[in-house]
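In my numbering, the protein residues as written are 1 to 102.
Glycine included, each C-beta is placed from N, C-alpha and C at the ideal position.
What you are looking at is a predicted structure, and each value in this text was computed from that prediction instead of being measured.
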Ligand code: SF4
Ligand code: SF4
């Protein structure tokens, strides 16, 4: 396989087809009992989807939840899962429709 820069430059690039492109979406799943309220997931979410809950878990830690008005904003990048030291937050993909129809 040709892995040279020249090969990369010869690769045809095409504009995104908005009729078929889909914006990924995710559903946020939190396991409150595992959360230690480090807030990494909240601070590093690129979509600012998460906030600390008002209620605490059994140890008094305020676990993350989806912020008001942010339902449907998660892009399933899974960064929150990656940075969580307690494996307390996950996302699962949600079916989406193309970014533009017609
Ligand atoms: S998957 Fe990405 S966009 Fe969704 S809540 Fe986690 S960090 Fe935010
Ligand atoms: S990164 Fe994990 S432990 Fe830290 S606040 Fe988020 S869910 Fe809780």
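- Counting along the chain, the unbroken beta strand (DSSP E) around residue 28 starts and ends at 25-30.
- The C-alpha of residue 72 lies about 37 Å from the C-alpha of residue 9.
- In the DSSP assignment, residue 92 falls within the beta strand (DSSP E) that extends over 89-94.
- Taking 8 Å as the upper bound for CB-CB distance, residue 78 and residue 96 are not in contact here, some 16 Å apart.
- Residue side-chain check: residue 85 keeps its Cβ at 7 Å or more from all non-hydrogen atoms of ligand 1.
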